[in-house]
Structures are given as structure tokens and as C-alpha cells.
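What follows is a single structure, written as C-alpha cells, with notes after it.
Chains as they are written, first to last, in the numbering used here: chain A, 1124 to 1306; chain B, 111 to 505.
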């Protein structure tokens, strides 16, 4: 993260704080959380109930995948009956209607299929600098979506060689996989 | 299955509608549709509400709108097919009427996106895809998903950022002639090219805005339709398909496979030659949530051959007077994209186009009497192609 330049999160938070302060001052004078819309002046009620959402997702059957990441490996599942490879991994093969899969380690070398740089970020990603997301193809025939370790999209090219690496995502501090240009 | 016709349409002004509540906004469209059809609420046997929500305060919009508009106690449901929710609602209403289960059904689209601040709306839309494998770790946004298509398409066919901007210029040109549009100002390629990147290589003017809006259509079975109006617009064919939730699982990024499947189904039902649909269709609305999406739509619908959409936009082929007028209401790009209301908005617009009822300077010449709506949900997760006709389909 850049030192002097404010992140999108800091800018959004400052703006929201100012807005809420304005609402509070209006509430004090009127006794109601009602403010005029900045652009048109129409009356807006500002919700007095806040909803924070954080989901808890079941990953018991995918534990080998996450344990693999901790060992620096990106794993997929392969149906023992029909040979279909699944990434993202899944333990059920809907083709065979059986759940007899093995965990395989994916190749690391792939090619870049397409990419973008996210400049306007979702709120929960707004503390990062602009990041590049790419889809890469592996020899196994599966595509993997991940960040690409590069800050300038113009340095990338469709079809270039890339390598899959497990990294620690900071500042959260958890394992995730990432594409690294090798040319 | 019996023939089904559109007998009434309603379309609110699209834009930042902080001046109205969700119910008031929906009522705008509902009232207009009832008036057009000459019907009362009691005549509507079932109403389907399309709304994606999350960013707005009412989690059960169907009943909130039903109460406000006096549609209670008629049966209802809220449907979600992301940005194609509206076309999904129309399809379900069509199926109910075609099957004979009801004679009259209404599809109501409503979206109030500006109840949440922009970064939160960006977050909600970004989460729509495959949450765990795409968003949780990689923070994709909707402009981002379509930018992945833009990069692939540009690399494959040599399209440029200027080409994409030409789509925006066209749609703003027609938005400027549509009083219902969110943006009613023309733009230039230069203005578009100098706008900031939202998701490289897509810039601000490549992206549709965050919009509030409502639209409604009333469908009736053949006998009822003939009683109600002497100018019914018939539903000649509907195709629908789905795509993988993970974009990475798609076979191509320069086309939306679900749209191709849906188009083939719709052409077959409407008895339109899929090799030359332009010969039949007088006007089309395609899902231009981002400029690249409009170019892919020309090809996915079989209007242009693969890779030739670029030449079409360079040569103004989708303006009125070109090969086929596309998005002459401003499209999602300039008319706006109130997610759950976009589908009904397209169908209402095309109904009025076929009846030659829209503003003169954006009225397509109606020769063959067919119009097509291409409505995509998500990044090609849902695809609906609806074909409307001036003449009664032969069954």
C-alpha cells in the first residue's frame, strides 16, 4: 500500500463519516434522521439500523485443498471413475453421480487467457492498491482465476507463460494462490 | 400452448430516483400498464416481481409492492435472474398464460440501487458470480468480469478501446432522445477515451450507471387480448439458457455461450432463420451493461459474423438507417440499468417500437414486424432472448 496516497477505503470511510455527522446534526435539530439529498434536495431517511454481514461457510469436505495451500500446493479433485478434473475442487462427480474422487496437485506452469485490472474496488477490497485479476489455463485443461503479480496491465499479454504460486495474502495473513508472469 | 400477447406496458423514468420510495416507483410503471391495458387490479390474476435487491431496504418487494398497488390478494412471487430477472419474470408470466392456467398475468420489474452507497453496490454486484472462488479472494467487480471479456475479445479480433467507446457514443446519442433515460446527453469518442479506468481496459463511459427504475408488462391469452386491444404485440418466441457460475469454467471469453443457446431457441420458436435474423428483425435491444457486451451480442445473436461486430460499430450499422437499429432507447448504457427492471424495460420499449409509438427521432422503421430483446444476467450466467411480433404467431 502506498504511504502518502489515501486508499479508496480511507476515502470512502471519510466520506461516510462526514455524511453520518451531517445526519446526526440534522437529527439533533429536527429529532429525525432526515436529510436533503445533496444533488436534488429531496428528503432522505437515513436508516438507523446497521447490518453487518460476515458469512460462515462449510469447507469440511474441501479440507485437503486448504491443507494443500498451507503446504504450498494447489490441489484439484479427479474423479476415479471418469477421470474428470475439477477446479475449483468438488468431491461429487455429477457426471458419474459418484463421490469417489482423489486429490491431485495441479501443474504450476500455465498460459494467461485473459486479464483485467480492478481500479474501482468493492468496499471490502478498497484497502488494496489496484490489483490485476487473470484467468490462466493449465495443461490439465482447467482454468484458474487469481491475482496476477504485476501492477501494469500493459506489461501482460494474452497467451504469455505464467506460474501458479501459493502466497500469503496481506494484510489479512492467509494462504491464497496467485499467478506470476515468467517472461 | 396458446398465443400470448402484450396488452399493456409501463416504464418509469430511469435514473437516481431518490425522490420516490420503492413502492412509489413501482406504482408509476404498474399504473401506466393498467391504464394502457384498460384493466383494473382485480383483473390481474397473478403478478411476478423481478428484483435482485441486497442494496435496498425491502427484502420482500413483491408483497410490499402488492400492498401499495392494491394487487393483494392475487398470487405473487419475487424472481431473481440477476440482470435478466425482468426477462425471467416475463417468461414465467408467459408460461402461466400460455398454459391456460391464468388469462392475465403481470410482470413487474423494480430496482432501487441508490439506497446504498456506490462502494457497497459495487461490492454486491461483484459478489454475484461465484462468491467463494471468485470474489472472496480476488475481489472481482462487474466491470472486471466484462473487462476479462474485453481483453480476450480485443486480443482475438483486434478491437480497440476507441471501438468500444463508439458503442457508448451511439447509446448516449439515443439516450439523449429518450425522456425516460438516465443520461440524456450525447458524448464523443474523445470524452469516453479520456474517462478514468474502472476495470482496465474498460473506462467510466464503457460502463452502465447505477440506476433506480421500474417497468411493467401485462400479458393476456389470445381471446382476452383480442377483447382488450386491437393492437396486441405477440410473443413469438422465448429462449433461455444458463452459464457456469465460475467464469473460469467457460470455453470462451469472446462470446457468451448462454446467449448463443438462448438465441437459437428463440429463433426456432419464432420461425426466424438463425443464419440471417437481421432480415426479419426491425429493432433490437441488447444487454449493453458494458460496451464490450454489446459487441459480443451482435455476434452471439448472429447479427454479425464472429469478429465482425467491430466493423459494424465502426460503420454505424446499428444506428437507425444501418443494418439493424440496436438500443435506440439508449440501452443499459444511457437509459440506465435498474437490474431487476431492465428486462421489462426492454420489452416495454420494443412493444412501443413495434407500435411506432416512441419519440420520432429514435423510432426504428417497422417493416417486418419483429423485435428482439437480449437480456443477460450476471456475466452470462443467465440468458434470455425474447422475440416480439406485430402479427399473430402461427402455431
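Note that CB positions come from ideal geometry on N, CA and C, so glycine has one too. Because the structure is a prediction, the values reported are computed rather than measured.
Closer than 8 Å to the CB of residue 422 of chain B there is not a single CB belonging to chain A. For residue 352 of chain B, the uninterrupted beta strand (DSSP E) run begins and ends at 343-352, by DSSP. Contact between residue 1156 of chain A and residue 1146 of chain A holds, since their C-beta atoms are separated by about 6 Å, short of 8 Å. DSSP places residue 302 of chain B inside the alpha helix (DSSP H), whose first and last residues are 299-303.
8 Å or more divides the Cβ of residue 499 of chain B from the Cβ of residue 325 of chain B.
Taking C-beta separations shorter than 6 Å and ignoring five residues to either side along the sequence, the partners of residue 432 of chain B in its chain run 426, following chain order.
Of A:1303, A:1135, A:1185 and A:1202, the smallest CA-CA separation from residue 1221 of chain A is found for A:1202. Taking 8 Å as the upper bound for CB-CB distance, residue 112 of chain B and residue 176 of chain B are not in contact here, some 27 Å apart. Chain order gives no chain B residues near residue 1193 of chain A, where near means a beta carbon separation below 9 Å; the closest approach is about 15 Å. Residue contact check for residue 229 of chain B against chain A: a CB pair falls below 8 Å. Ranked by how close their Cα comes to the Cα of residue 114 of chain B, the residues B:206, B:139, B:173 and B:394 have B:206 in first place. Along the stretch 150-194 of chain B, the beta strand (DSSP E) occurs as fully enclosed runs of 3 or more residues at 156-160 and 185-189, listed in sequence order. Short of 7 Å from the beta carbon of residue 238 of chain B, and not among the five residues preceding or following it, lie these beta carbons of its own chain, in chain order: 192 and 488.
By the criterion of at least three beta-carbon pairs nearer than 8 Å, the stretch 408-418 of chain B is not in contact with the stretch 183-202 of chain B. If you ignore the 5 residues before and after residue 332 of chain B, its C-beta comes within less than 8 Å of the C-beta of 112, 113, 114, 115 and 502, all in its own chain and listed in chain order.
Interface criterion met: the Cβ of residue 253 of chain B is under 8 Å from a Cβ in chain A.
Against chain B, the beta carbon of residue 1302 of chain A has no neighbour under 7 Å; the closest one sits roughly 11 Å away. Put simply, of A:1278, A:1248, A:1241 and A:1214 the residue whose alpha carbon is nearest the alpha carbon of residue 230 of chain B is A:1248. Residue 424 of chain B has its alpha-carbon roughly 10 Å from the corresponding atom of residue 269 of chain B. Residue burial is scored here from C-beta neighbours: residue 1174 of chain A has fewer than 16 other C-beta atoms within 10 angstroms and is therefore classed as exposed.
Rounded to the nearest angstrom, the Cβ distance from residue 478 of chain B to residue 284 of chain B is 21 Å, too far for a contact under 8 Å. Proximity to residue 155 of chain B across B:174, B:180, B:136 and B:167 peaks at B:180, based on C-alpha coordinates.
Between residue 1235 of chain A and residue 1281 of chain A, the beta carbon gap of about 6 Å places them in contact (Cβ cut-off 8 Å). With a cutoff of 8 Å on beta-carbon distance, residue 1229 of chain A and residue 1210 of chain A are scored as near each other. Taking 8 Å as the cut-off, the beta carbon of residue 1302 of chain A is found closer than this to the beta carbon of residue 1285 of chain A. If you compare the alpha carbons of B:348, B:383, B:398 and B:382 with that of residue 366 of chain B, the shortest gap goes to B:398. Across the structure, residue 334 of chain B and residue 1166 of chain A are spaced so that their CA atoms are roughly 43 Å apart.
Taking a beta-carbon distance threshold of 8 Å, residue 1249 of chain A counts as an interface residue toward chain B.
For residue 1285 of chain A, the uninterrupted beta strand (DSSP E) segment begins and ends at 1284-1292. DSSP places residue 322 of chain B in the strand class (E or B) of the three-state scheme. Annotation note: the stretch 1182-1248 of chain A contains the following uninterrupted alpha helix (DSSP H) runs of length 4 or greater, listed N- to C-terminal: 1186-1193. Boundaries of the beta strand (DSSP E) around residue 1159 of chain A: 1157-1159. In the DSSP assignment, residue 253 of chain B falls within the alpha helix (DSSP H) that extends over 252-267.
Restricting attention to B:250, B:243, B:281 and B:199, the CA atom closest to the CA of residue 1242 of chain A is found in B:250. Comparing C-alpha distances from residue 353 of chain B to each of B:493, B:450, B:233 and B:171 shows the shortest one belongs to B:493.
DSSP places residue 484 of chain B in the strand class (E or B) of the three-state scheme.
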